[in-house]
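Asks: I have a structure here, written as structure tokens, and I will follow up with some questions on it.
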Amino acid sequence: MPSTKAEHTKQSSDARKEQILQGDTKKEKVSEELVRYQDVLRSVQDISMHNGTDPPVPGLEELRTVPLIWWDVNEHIKLKQKVQRGYAVLGHIPTGKDNNSSSNISDDASKPEQTIRSPILLNTDTPWSAFLCGSQGSGKSHTLSCMLENCLLTDKQLVRKIGVNPNPLAGLVFHYDSCQGSGVCEAAYLCSKIPTTVLTILMILRDMAIETKGAGPFNYTHFKNRLFATTFAPAQSGPMDQRLKLLESLMPPADSHLPPPPRRKPRKSKAKPDDADADTHDYLTGTPGTLTIVDLTDPTIDADGACVLFNICLSVFIQQAASRGKIVALDEAHKYMTESSAAASTFTQTLLQTVREQRHQATRVVIATQEPSINTQLLDLCSLTMVHRCTSPAWFAVLKKHIGALYLGAWKGSEEDEGEHGDGGPAGNERALFQQIVRLKLGESLLFCPTAAVTMSGGAIGKMHAGYVKFKTRQRVTADGGRTRLAARDEE
1 MPSTKAEHTK QSSDARKEQI LQGDTKKEKV SEELVRYQDV LRSVQDISMH NGTDPPVPGL
61 EELRTVPLIW WDVNEHIKLK QKVQRGYAVL GHIPTGKDNN SSSNISDDAS KPEQTIRSPI
121 LLNTDTPWSA FLCGSQGSGK SHTLSCMLEN CLLTDKQLVR KIGVNPNPLA GLVFHYDSCQ
181 GSGVCEAAYL CSKIPTTVLT ILMILRDMAI ETKGAGPFNY THFKNRLFAT TFAPAQSGPM
241 DQRLKLLESL MPPADSHLPP PPRRKPRKSK AKPDDADADT HDYLTGTPGT LTIVDLTDPT
301 IDADGACVLF NICLSVFIQQ AASRGKIVAL DEAHKYMTES SAAASTFTQT LLQTVREQRH
361 QATRVVIATQ EPSINTQLLD LCSLTMVHRC TSPAWFAVLK KHIGALYLGA WKGSEEDEGE
421 HGDGGPAGNE RALFQQIVRL KLGESLLFCP TAAVTMSGGA IGKMHAGYVK FKTRQRVTAD
481 GGRTRLAARD EE
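Each residue of the sequence shown is one higher than the one before, starting from 1 at the first, in full-length UniProt numbering.
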């Protein structure tokens, strides 16, 4: 059967060459040497999608590598794809009269609230990089968590609410804060179930409190004996031992240097024979559908030390998970990626190298920061940029220098926005753009993605290029750990 297809393809190629050789009788005969070069001059999509019988599908190969896809474009192409690709809803263009964009991209601005909205899809099948910036509480971490949901979720009931994920990625998140009161990393709330280790510890503490009727002192030795008497899976013992050692390092010597009680033999895992031993398990191997959070929030670790450890973890994760699709996320990057730090500079260079080689390393990179000036090269290299609400003219000046659509919009206003630009000059255009950013609501952003597939016209894909749109990030399907804590709580 394969030989028949090869013969048919060869016959088609010979027929094309014969047609070129014959040509028009009125034109000069084409040389055979020129005909031999025609196969390598054909477009990639024609070669990959043309099977000899069916005509090539315009734009199908190109659509596989775009980071964002508008719903209408996806519907036009989806039925013609032979392999199921991964995509998920990231958000939509918000409704309302205040919606502004720099292009004629179709949106929901003229539709009432009850009308079905057209989603914008994140292509999880191809490598891309995203830069998210904005003031505190504008929705950066929420957008980052939605991107992680799109790439990592394996629960069928949750995935079907947002898209299709046949090939989950392996995730790695970096988080650091000098203030312990800031709470855990927001990405941790993607875990919908409490680990059994935590439940076991809580049960032991509850039993000990019942025995002492809540009046006696806490006996750490008794707690440790009961904990080690419990059988845990090999993958659970490692992290638990690390936390116990950290706890004992902060205790007085008389309490911490205790002889370890005898431990039961751990339960055998269902791992493959060639997997590493449980005690030497590497949590940076990058298992599909799992998220590893490197949270170095600790009073004994400064930003430089965090960057050194982040750099090591990133290098190991990229190397060990080379054959797997993966996503790397930096939450609150402005807290540790400073320009004056040598360690931060080294980590930034490793990150930049990862972004430059994202296609070869099958990596998606997401950077969430308040300050867009942490490293302007990231703005230059990222596939898409989402500018959330900010009120600093200095930040806008940085963005304008490194985002093509902002630069062109500031110096060449579109016809649709002439009425808002005041004097119509460069200064008026710049003020109008900055005013759009200041007026953004919670969860809204200006979306810049030159390669986004936004329209289909005559079988060809229309890109965003130097345009931009106002964008609204969707709601999360897992727990939201980034809600603002108010003095007055709603009754549940």
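Glycine included, each C-beta is placed from N, C-alpha and C at the ideal position.
When burial is assigned at 16 or more other CB atoms within 10 Å of the CB, is Gly286 buried or exposed?
Replies: When all chains shown are included, Gly286 counts as buried.
Asks: Please name the residue, chosen from Lys140, Gln320, Glu211, Gly462, that lies closest to residue 495 on a Cα-to-Cα basis.
Replies: Residue 495 is absent from the structure shown; the chain starts at 1 and stops at 492.
Asks: Start and end of the beta strand (DSSP E) containing Glu186?
Replies: Element bounds for Glu186: n/a, residue is neither H nor E.
Asks: Please report the residue range of the beta strand (DSSP E) in which Glu61 lies.
Replies: Not the beta strand (DSSP E): Glu61 falls in the alpha helix (DSSP H), residues 60 to 63.
Asks: Tell me, please, whether the region 401 to 411 touches the region 377 to 391 by the rule of three or more beta-carbon pairs shorter than 8 Å.
Replies: The region 401 to 411 vs the region 377 to 391: in contact.
Asks: Please look up how many angstroms separate the CB atoms of Ala88 and Thr124, rounded, as I've assumed it's under 8 Å.
Replies: The Cβ separation is near 6 Å, so the contact holds.
Asks: In the structure shown, what three-state DSSP assignment does Ala168 receive?
Replies: For the sequence presented, residue 168 should be read as Pro rather than Ala. Residue state, collapsed to three classes: coil.
Asks: Between Leu379 and Ile327, what straight-line distance do the alpha-carbon atoms span, to the nearest angstrom?
Replies: Going by the C-alpha atoms only, they are around 18 Å apart.
Asks: Kindly indicate which residue of Glu149, Ala479, Phe131 has the alpha-carbon position closest to the one of Ile162.
Replies: Comparing Cα positions, the closest option is Glu149.
Asks: Whole-angstrom Cβ separation of Thr451 and Pro67, contact assumed at under 8 Å?
Replies: Confirmed, about 7 Å.
Asks: Could you tell me the distance, in whole angstroms, from the CA atom of Glu186 to the CA atom of Asp480?
Replies: Cα to Cα, Glu186 sits roughly 8 Å from Asp480.
Asks: Cα separation between Thr95 and Ser118?
Replies: The straight-line gap from Cα to Cα measures roughly 11 Å.
Asks: Throw me the rounded Cβ distance for the Val294 and Cys313 pair, which I believe falls under 8 Å.
Replies: Sure, about 5 Å apart at Cβ, within 8 Å.
Asks: Restricting to Cα atoms, I'd like to know which of Thr292, Glu371, Gln436, Gly325 is closest to Thr310.
Replies: In the sequence as presented, Thr is not what sits at residue 310; that position holds Phe. It is Thr292 whose Cα lies nearest to the Cα of Phe310.
Asks: Helix, strand or coil, according to DSSP, for Glu430 in the structure here?
Replies: Reduced to three states, the DSSP call for Glu430 is helix.
Asks: By Cβ distance below 6 Å, which residues in the same chain neighbour His76 in space, the five residues on each side in sequence not counted?
Replies: Hits under 6 Å: Met456.
Asks: Can you tell me which of the three DSSP states Ile162 falls into?
Replies: Note: Ile162 maps to helix in three-state DSSP.
Asks: Kindly indicate which three-state DSSP category Lys78 falls into: helix, strand or coil?
Replies: Lys78 falls in the helix class under three-state DSSP.
Asks: What are the partner residues of Cys133, as DSSP defines its beta bridges?
Replies: Answer is Thr369, Val387.
Asks: Any chance the region 325 to 344 sits against the region 202 to 211, with 3 or more Cβ pairs inside 8 Å?
Replies: Taking 8 Å as the limit for Cβ pairs, the verdict is that the region 202 to 211 does not touch the region 325 to 344.
Asks: Relative to the alpha-carbon of Phe347, which residue among His222, Met240, Val316 has its alpha-carbon at the smallest distance?
Replies: Of the listed residues, the one whose Cα sits closest to Phe347 is Val316.
Asks: If we ignore side chains and look at the alpha-carbon of each, how far apart do Val477 and Asp304 end up?
Replies: Looking at the two C-alpha atoms, the distance is approximately 35 Å.
Asks: Short of 6 Å in beta carbon distance, which residues of its chain neighbour Ser135, apart from the five on each side in sequence? Order them along the chain.
Replies: Around Ser135: Arg389, Cys390.
Asks: Determine the extent of the beta strand (DSSP E) in which Gly91 is found, giving its start and end residues.
Replies: It spans 87 to 92 - the beta strand (DSSP E) in which Gly91 sits, taken as one unbroken run.
Asks: In the DSSP assignment, find the alpha helix (DSSP H) that holds Met456 and state where it starts and stops.
Replies: Premise fails: Met456 lies in the beta strand (DSSP E), 453 to 457, not in any alpha helix (DSSP H).
Asks: Hey, would you say Glu332 sits closer than 9 Å to Thr376, going by beta carbons?
Replies: No, these two residues do not count as a Cβ contact at 9 Å.
Asks: Note the first and the last residue of the continuous beta strand (DSSP E) segment covering Ala460.
Replies: From DSSP, the beta strand (DSSP E) with Ala460 extends over 460 to 463.
Asks: Give the C-beta separation of Thr154 and Pro166 to the nearest angstrom, bearing in mind that I take them to be a contact with Cβ-Cβ under 8 Å.
Replies: Not quite, the Cβ-Cβ distance comes to about 10 Å (not below 8 Å), so this is no contact.
Asks: From the DSSP output, which residues share a beta bridge with Asp295?
Replies: The partner list for Asp295 (beta bridge, DSSP) reads His175.
Asks: Exposed or buried, which one is Gln358 when buried takes at least 16 other CB atoms within 10 Å?
Replies: Classification for Gln358: buried.
Asks: With H, G and I counted as helix, E and B as strand and the rest as coil, what does DSSP make of Thr221?
Replies: In this structure, Thr221 counts as helix in the three-state DSSP scheme.
Asks: Given that a residue counts as buried once 16 or more other Cβ atoms are within 10 Å of its Cβ, and exposed if not, what is Arg356?
Replies: The residue in question, Arg356, is exposed, as its Cβ has fewer than 16 Cβ neighbours within 10 Å.
Asks: Look up Trp70 in the DSSP assignment and give the residues it is bridged to.
Replies: Looking at the DSSP assignment, Trp70 forms a beta bridge with Ile120.
Asks: Bridge partners for Phe310 per DSSP, in chain order?
Replies: None; Phe310 has no bridge partner.
Asks: Span of the beta strand (DSSP E) holding Ala329?
Replies: Run containing Ala329: 326 to 330, per the beta strand (DSSP E) assignment.
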